[in-house]
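Chemist: In my numbering, the protein residues as written are 19 to 428.
1) Where does residue 35 sit, in a helix, a strand or coil, going by DSSP?
2) Please report how far the alpha carbon of residue 77 lies from the alpha carbon of residue 361, in whole angstroms.
3) Let me make sure I understand the geometry here. Which of 61, 56, 90 has the alpha-carbon closest to that of residue 68?
4) Residue 380: buried (16+ other C-beta within 10 angstroms of its C-beta) or exposed?
5) Can you look up residue 23 in the DSSP assignment and give me helix, strand or coil?
6) According to DSSP, what are the bridge partners of residue 133?
7) From residue 358 to residue 346, what does the alpha carbon distance come to, in whole angstroms?
8) What first and last residue would you give for the beta strand (DSSP E) that runs through residue 85?
9) Grouping DSSP H, G and I as helix and E and B as strand, with all else coil, what is residue 347?
10) Thinking C-beta only, is residue 24 closer than 7 Å to residue 168?
11) Going by C-alpha distance, which of 125, 232, 82 is nearest residue 203?
12) In chain order, what residues of the same chain have a beta carbon less than 8 Å from the beta carbon of residue 221, not counting five sequence neighbours either side?
13) Excluding the five sequence neighbours on either side, which residues of its own chain have a C-beta within less than 7 Å of the C-beta of residue 327, listed in chain order?
14) In terms of residues, what are the limits of the alpha helix (DSSP H) holding residue 376?
15) Checking 7 Å against the spacing of the C-beta atoms, do residue 371 and residue 217 come in under that value?
16) For residue 121, which option in 79, 92, 161 has the closest C-alpha, if you only look at C-alpha atoms?
17) Have a look at residue 22 and residue 165 and give me their C-alpha separation to the nearest angstrom.
18) Quick one, are the C-beta atoms of residue 37 and residue 317 less than 7 Å apart?
19) Pick out the complete beta strand (DSSP E) segments inside the stretch 114 to 164, 3 residues or longer, and give them in chain order.
20) Just to confirm, is the Cβ distance from residue 356 to residue 283 under 7 Å?
21) Should residue 159 go down as buried or exposed, given a rule of 16 or more other Cβ atoms within 10 Å for buried?
22) Helix, strand or coil for residue 235, going by three-state DSSP, please let me know.
23) If you pair each beta-carbon of the stretch 181 to 192 with each one of the stretch 47 to 59, do three or more pairs fall below 8 Å?
24) My assumption, with CB atoms under 8 Å, is that residue 463 sits in contact with residue 187. Please give the rounded CB distance.
25) What are the start and end residues of each continuous beta strand (DSSP E) run of 3 or more residues lying completely inside the stretch 42 to 73, in chain order?
26) Give the range of the beta strand (DSSP E) segment to which residue 270 is assigned.
27) Within 10 angstroms of its Cβ, does residue 435 collect 16 or more other Cβ (buried), or is it exposed?
28) Which whole-angstrom value describes the C-beta separation of residue 9 and residue 171, a residue pair presumed to lie in contact below a C-beta threshold of 8 Å?
29) State the start and end residues of the unbroken alpha helix (DSSP H) segment that holds residue 322.
30) What first and last residue would you give for the alpha helix (DSSP H) that runs through residue 263?
31) Rounding to the nearest angstrom, what Cα-Cα distance links residue 33 and residue 175 in this structure?
32) Mind checking residue 329: buried by the 16 CB within 10 Å criterion, or exposed?
33) Please classify residue 367 as buried or exposed, where buried requires at least 16 other C-beta atoms within 10 Å of its C-beta.
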């Protein structure tokens, strides 16, 4: 590793890889570091992502696509099923990825664009000069390095230390995160064209349970529950019960677990010489916990802002605030609305969820426009959805372009 780069990106996930790739393509001298010896392992998500948004960043490749979905099915606590087309299902419906291969493909793109990639390299601190971030201290194969840069991008996930080192408050309360566990299950009978979501306080309190096909007779089956609801029953207890009840013959061949931020964004995501992206900036969706597409979009914005700042020779917060403005007016607006929806639905009883599903059970989601859907939903559930009236009004008045148009709930 050299002693000086234009840009250092900490974290080799989708957000970091896209930031490094775009920055390198814009002519910057870029170093991307990843603390693990392999990018993409261990997997920490359900691996579902939108087709349209993904194609903005990488050409789809059969090597990392396990399933090509056509729709989703949502089950309320009483078993009422609502079937939705891919276009209406949001960003968790489209492709189911093999993240171990996908993340590596993103980093491969990044390296081919000219960025230097170092795995098994851990940031241990920030180099600060008069309150300005000027690089990182790093550990690589037992050796310590002092690496300077003009700007650092922190893409080091929910447990991000980079932001804290710069004085940014990245703390989370239990109510602001989902506790998740997932099995990769084989030898089960599933429909490979649909992903399934199960709702209910007996199944996943203040969360949901998912079944994402990964080819014939194989699926990611997982659950996420709000941290504040994780008491006597842990997430794995809910998942094990579901497995016993629905897929008793299924064979578990992998297991992953972790936390997902559902808090909405942190107060600030830049400081002098520093930009945060992805889960490090709490840019995941508060409803689903999905963050792949948001991280990639934020990574691209961060790279462009960093390139402009370096061209100007100004790495102060005043200049980097352009990143704040751009992502908060796009991704941030969508997260803000999702947070309103999340806060409403975590207060919903199973009776409320059943009523909502029953009011939609005869709706044709393969032909209905979004505006028509919202009118029908609000008409059938005025009392239940009163807290969302502002969101409904903005969508109907075209003040807010709902995410489904970009299939971005990943």
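Backbone N, C-alpha and C fix where the C-beta goes; we use that ideal spot for every residue, glycine too. Bear in mind the structure is a predicted one, so any value in this text is a computation, not a measurement.
Modeler: Quick answer:
1) helix
2) 36 Å
3) 90
4) exposed
5) strand
6) BP columns for residue 133 are empty, so no partner.
7) 16 Å
8) 83 to 86
9) helix
10) yes
11) 232
12) 95, 227, 241, 256, 260
13) 169, 333, 337, 338
14) 368 to 378
15) yes
16) 79
17) 6 Å
18) yes
19) 134 to 136, 139 to 147, 150 to 158
20) no
21) exposed
22) coil
23) no
24) The requested residue 463 does not occur in the structure, where the chain is confined to residues 19 to 428.
25) 48 to 51
26) 269 to 279
27) No answer is possible for residue 435: it lies beyond the span of the chain, which begins at 19 and ends at 428.
28) Residue 9 falls outside the range modelled here, since the chain spans only 19 to 428, and no answer is possible.
29) 310 to 330
30) 253 to 264
31) 9 Å
32) exposed
33) exposed
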